[in-house]
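The sequence shown begins at 4 in the working numbering and counts up by one.
Ideal placement from N, C-alpha and C gives every residue a C-beta, glycine not left out.
Keep in mind it's a predicted model, so treat the numbers as computed, not measured.
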Amino acid sequence: MQDQLTALLAKAQAELATLKQRPEFEAAKARYVGPNGELTALMKQMGSVPKEQKPVIGKLINETKGQLQTLLDAALRQIETAELQAQLGPAIDPTLPSPDSGAGTSHPLTLVREEMCRILRKVGFTVVEGPEVETEYYCFDALNTPADHPARDAQDTFYFPDSAKFGNVSKKNHHEKYLLRTHTSSVQIRTMLKGKPPIRIVSPGRVYRRDTSDATHSANFHQLECLYVDKNVTVRDLKALLDYIFASLLGKDTKTRFRPHYFGYTEPSFEVDLSAKHLPKVNKEWIEIGGCGMVDPTVFEGVGYDSTVWSGYAFGMGLERLAMLLYGIDDIRYFYQNDVRFLKQFA
Ligand code: DAH
């Protein structure tokens with residue numbers, strides 16, 4: 004019996020160390036310690052062992068069992084390590100610099116923003132920025148959209164708690180709330196309060212609305228705002244500028260049209276549509292692209308400009324919509340997913 008146990012252990016030691024796969028291991032385990040295994044068979048012979056040898060043989064069997072278990076555990080650990088190694092692939096040194104992936108490319112929204120600013124700079128506009136955290140005064144009240152006006156409902160969106168403090172965003176009144184700006188039109192007010200006319204500014208930036216995300220909506224998107232204040236500015240100047248911008252960005256075959264609309268800060272006000280059937284994926288004749296109008300005298304008076312002397316126009320439009328038209332992109336969500344397969348197409 005003793006020899007048989009020693010031989011069994013030696014055999015197991017040699018075999019188990021060579022196992023590479025789980026099924027082989029399970030089979031070997033069954034062969035040694037399973038209900039029909041070799042060790043079990045030896046244990047069954049205990050009955051025929053003379054009584055006085057039973058304690059010695061019993062102890063030996065237990066020791067062999069323990070040693071077999073140790074060998075099995077080691078074999079399983081070896082297989083698990085090999086499995087993990089196969090999943091991880093070849094060894095790497097994470098402290099080495101990563102392979103050079105190139106300088107990258109500009110995001111399509113950046114490309115359109117820069118192109119629009121370039122087009123507007125050519126005709127005398129200066130690029131200015133405004134804060135994304137705004138106050139009710141700059142976002143609504145100064146734009147002739149008082150708290151009880153229905154037009155404010157649509158843009159009553161992301162407010163901060165009263166306790167929020169933003170040291171770098173000035174408030175007009177002590178009581179007003181901070182909010183994430185719903186449009187870039189607030190920059191008109193900040194600009195007019197800071198300087199004197201004539202004024203000619205373009206302000207691109209991020210805006211926020213309570214919108215459910217789908218192929219054409221996003222709770223945060225980008226706009227581009229323009230304001231022109233001078234003497235004797237007319238709707239004709241506004242239309243001419245928009246025609247110039249869209250022809251420059253989208254091609255000379257692009258047409259624009261105005262539809263009467265309501266905005267508190269302009270009078271008259273229009274929505275702007277453009278027609279650009281030469282562009283890819285444009286299958287509608289007219290596409291709404293933004294809002295515009297002649298600056299309302301109330302807005303001028305509010306910032307201390309004499310509305311009998313000064314006149315002006317303003318407009319705002321979505322940058323995503325422009326980029327989608329220009330590049331034939333049919334889902335706004337692509338802009339924010341950072342998928343390099345998408346982004347690389349705009350190199
Ligand atoms: N702020 C408007 C919007 O977000 C767009 C707009 C309309 C801007 C008329 C203007 C304007 O400057 O005059 O829908």
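How about Ser310: is its Cβ closer than 7 Å to a heavy atom in the ligand DAH?
-> no
What are the residues that DSSP puts in a beta bridge with Cys295?
-> According to the DSSP secondary-structure assignment, Cys295 is paired through a beta bridge with Phe273 and Phe318.
Under the DSSP definition of a beta bridge, which residues are partnered with His281?
-> Per DSSP, none; premise fails for His281.
Are Cys120 and Pro207 closer than 8 Å when you measure CB to CB?
-> yes
Thinking C-beta only, is Ile122 closer than 8 Å to Leu252?
-> yes
Whole-angstrom distance between Leu91 and Met49, CA atom to CA atom | 48 Å
Per DSSP, the bridge partner or partners of His225 = Arg209
Just how far apart, CA to CA, sit Tyr141 and Phe163?
-> Phe163 has its alpha-carbon roughly 15 Å from the corresponding atom of Tyr141.
Can you give the Cα-Cα distance for Lys284 and Phe303, rounded to whole angstroms?
-> 41 Å
How many Å lie between Arg155 and Glu132 at the Cα?
-> 23 Å
Tell me, please, which residues DSSP counts as bridged to Pro263.
-> Answer by DSSP bridge pairing, in chain order: Phe273.
Under the DSSP definition of a beta bridge, which residues are partnered with Tyr162?
-> Leu182
Hey, Ser314 and Val236: beta-carbon distance below 8 Å or not?
-> Cβ distance < 8 Å, so Ser314 and Val236 count as in contact.
Using a threshold of 8 Å, state whether the C-beta atoms of Leu277 and Thr257 are closer than that.
-> yes
Own chain partners of Ala33 with C-beta closer than 8 Å, once the 5 adjacent residues on each side are dropped = Asn39 and Gly40
Could you tell me the boundaries of the beta strand (DSSP E) in which Glu137 lies?
-> In the DSSP assignment, Glu137 falls within the unbroken beta strand (DSSP E) covering Val136 to Thr138.
Any heavy atom of the ligand DAH closer than 7 Å to the CB of Gln363?
-> Only positions 4 to 350 of the chain appear in this structure, which leaves residue 363 out of reach.
Could you check the C-alpha separation between Ala167 and Thr187 for me, to the nearest Å?
-> 22 Å
Which word fits Gly3, buried or exposed, when buried means at least 16 other C-beta atoms lie within 10 angstroms of its C-beta?
-> What the structure shows of the chain is the stretch from 4 to 350, and residue 3 is not part of that stretch, so it cannot be assessed.
Identify whether Val130 lies in helix, strand or coil by the three-state DSSP scheme.
-> strand
Just how far apart, CA to CA, sit Asn176 and Lys347?
-> 47 Å
Three-pair Cβ contact test at 8 Å for the stretch 41-61 versus the stretch 79-99 | Segments in contact, no.
Within 10 angstroms of its Cβ, does Leu99 collect 16 or more other Cβ (buried), or is it exposed?
-> exposed
Can you check whether the CB of Tyr316 is closer than 8 Å to the CB of Leu227?
-> no
What whole-angstrom Cβ distance do Val210 and His220 have, given they're in contact under 8 Å?
-> Not really, about 13 Å apart at Cβ, beyond 8 Å.
Measure the alpha-carbon distance for Pro44 versus Thr21 and round it to whole angstroms.
-> The sequence shown places Ala at residue 44, rather than the Pro named in the question. The straight-line gap from Cα to Cα measures roughly 24 Å.
Note down, in chain order, each residue of its chain lying with its Cβ closer than 7 Å to the Cβ of Ala222, except the 5 sequence neighbours on either side.
-> Tyr211, Arg212, Arg213, Asp214 and Ser216
What did DSSP end up calling Tyr35 once you bin it into helix, strand or coil?
-> helix
Answer yes or no: the CB of Phe266 versus the heavy atoms of the ligand DAH, is any distance below 7 Å?
-> Yes, the beta carbon of Phe266 sits closer than 7 Å to at least one heavy atom of the ligand DAH.
Which value, in whole angstroms, describes the spacing of the CA atoms of Pro201 and Glu274?
-> 25 Å
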